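Here the structure is laid out as structure tokens; the discussion comes afterwards.
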Amino acid sequence: MLRKPDQSDQAMMASGRIAALDRARTFVTLLVLLHHSVINYTWFGHGDPMRWLGFDLVVLFNDSFFMAFMFFISGLFVRNSLARKGPAVFLRERTWRLGVPFLISVFVLMPVAYYPSFLRYHLPGTTDFNFLHFWWHTLTVGPWPSGPAWFLWVLLALDAMAAALWWIAPGMIDALGRLIYAARDRPMTVFVVFEIVSITAYLPMHLAFGDISWLEWDGFPLPIQTSRMLLYPACFFAGVGVGAVNLRAGLLAENGELARRGPVWLAFALVFYVAILVLVYAHHNWVADFASPPLLWKTSYGLAFAAYSAAMAFTVSAFFLRFAESGWRLLDALQPSAYGVFLLHYIFIIWLQYVVYDYPFPAGVKFAIVLSGTLSMSWGITVMLRKIPAVARMI
């Protein structure tokens, strides 16, 4: 039986890295690549004419949980960083790690990534726009997309909120951490609470705005999906609380009750995922007004979505904690470069989709080309960039 934490425990940070959590974060990065590689070959994506319904299931599986889980993982070490560095240094370092890559992404990487989309609809000879014209038009007229980099500015904003909370009332984070730590041997209780929090954060926004609305400010590349703008902070601060007191021995302990009950969380996740599939099928086949489904359907979908998102956070965490001692060669090899791969991958995704667009390859072949090419090139370039000390400190 673990003893009750004292003041020294509350300030303790895990020595070294926690391999299971690194692998979980790297796994989600791979899911991001998978998601963006398949979405062009789905009926949902309306992209390439070569499509496969199975890819729609992959997109639904990913989109319904992986970014919320990314915010949860990102919050785990925030409290210890604030305690060691103080809010000012913490924010300065997070600005270097998140703010600078975000600016590089929106000013350089995303215009390069989206240029093939312009070429697809403006064939040579029909416009005098070269890349520099396209780049300037993007920044001055728009639209100015941020692509996957939206995650960086939202995470930086949440880090700033955590730093402000630590400065104003640091006891609140510690109190939340002690509360969660005390329930480390009652993961079902924590699971139910996390389900309720996720539903409360997501369902009202889903009912008010739907799932296709994005909130953007005056044309700047600072978007966030409106229905999830409360869900992501809820997941982030849940992670902050879980990591606030002795992360290695708390709720996410490798030999803890949460890790042992992985099959339970997986069963819940499967039930909620099937519910999402049934509701999507009903939406496409039985709802008369597709653009404006009835309130009962919207409520049911919102409940299933939020419940599945929360269940998958427990499922993925438990899986990597339970098999922490197993060999994970790909994930361990990719881990140091995962952030760089996340930043660079969208360029190769869109350019490779553009290259194979006119070929009559099956959707599976096109997907394999896009995914393998994206992973290999973004990984290789990241490895080379990390040989530069300043870049290595950033990514």
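Counting in our numbering, the sequence shown runs from 316 upward without gaps. Backbone N, C-alpha and C define an ideal beta-carbon position, used for all residues, glycine too. Here the structure is a predicted model, which is why all the values come from computation and not from measurement.
- Residue state for leucine 375 is assigned as helix, using DSSP reduced to three classes.
- In this structure leucine 545 does not touch proline 538 by the C-beta definition: roughly 16 Å separates them, more than the 8 Å allowed.
- Methionine 699 has its alpha-carbon roughly 15 Å from the corresponding atom of alanine 648.
- Straight across, the Cα-Cα distance linking glycine 362 with asparagine 355 is about 5 Å.
- In the structure shown, tryptophan 529 falls within a strand segment according to DSSP collapsed to helix, strand and coil.
- Residue pairing from DSSP places isoleucine 539 in a beta bridge opposite Leu530.
- Beyond the five residues adjoining it in sequence on each side, methionine 692 comes within less than 6 Å, by CB distance, of Phe663 in the same chain, given in chain order.
- CA-CA distance, lysine 613 to histidine 521, rounds to 8 Å.
- Looking from the CA of asparagine 570, the closest CA among Trp411, Ala639 and Thr357 belongs to Ala639.
- Annotation: leucine 413 to valine 393 spans about 14 Å, alpha carbon to alpha carbon.
- Residue burial is scored here from C-beta neighbours: isoleucine 511 has fewer than 16 other C-beta atoms within 10 angstroms and is therefore classed as exposed.
- DSSP places histidine 361 in the coil class of the three-state scheme, outside both helix and strand.
- Here asparagine 395 carries a helix assignment [DSSP, helix/strand/coil].
- In this structure, DSSP gives alanine 639 a state outside helix and strand, which the three-state scheme calls coil.
- One thing to note: phenylalanine 629 has its Cβ no nearer than 9 Å to the Cβ of glycine 390.
- Closest by C-alpha distance to alanine 564, out of Ala653, Ala523, Ala553 and Tyr496, is Tyr496.
- Burial state of serine 607 is exposed, judged by a 10 Å Cβ sphere holding fewer than 16 other Cβ atoms.
- Here methionine 476 has Pro548 as same chain residues with Cβ atoms under 8 Å from its own Cβ, once five neighbours each way along the sequence are excluded.
- By the criterion of at least three beta-carbon pairs nearer than 8 Å, the stretch 458-473 is in contact with the stretch 418-438.
- Per DSSP, phenylalanine 444 lies in no alpha helix (DSSP H) and is assigned neither H nor E.
- Counting only the Cα atoms, methionine 503 lies some 17 Å from arginine 493.
- Per DSSP, reduced to three states, the secondary structure at aspartate 673 is coil, with no helix or strand assignment.
- A distance below 6 Å between beta-carbons, with the five flanking residues on each side excluded, links arginine 701 to the following residues of its chain, in chain order: Ala707.
- Here alanine 619 is buried, its C-beta having at least 16 other C-beta atoms within 10 Å.
- Closest in alpha carbon position to threonine 344, among Trp367, Gly360, Asn377 and Arg366, is Asn377.
- In the three-state DSSP reduction, tryptophan 601 falls in the coil class, being neither helix nor strand.
- When rounded, the separation of the alpha-carbon atoms in alanine 625 and alanine 582 is 13 Å.
- Between leucine 686 and leucine 646, the alpha-carbon positions lie close to 16 Å from each other.
- Burial is judged here by how many other beta carbons sit within 10 angstroms of a residue's own beta carbon; methionine 487 has fewer than 16 and is exposed.
- For the set Thr697, Gly688 and Ala683, the Cα lying nearest the Cα of phenylalanine 370 is the one of Ala683.
- Distance from the CA of glycine 556 to the CA of asparagine 445, rounded to the nearest whole angstrom, comes to 49 Å.
- The C-beta of leucine 368 has fewer than 16 other C-beta atoms within 10 Å across all chains shown, which makes the residue exposed.
- Between leucine 562 and tyrosine 674, the alpha-carbon positions lie close to 50 Å from each other.
- For proline 519, the enclosing alpha helix (DSSP H) has its first and last residue at 502-524.
- At the C-beta level, phenylalanine 381 and leucine 336 stay beyond 9 Å of one another.
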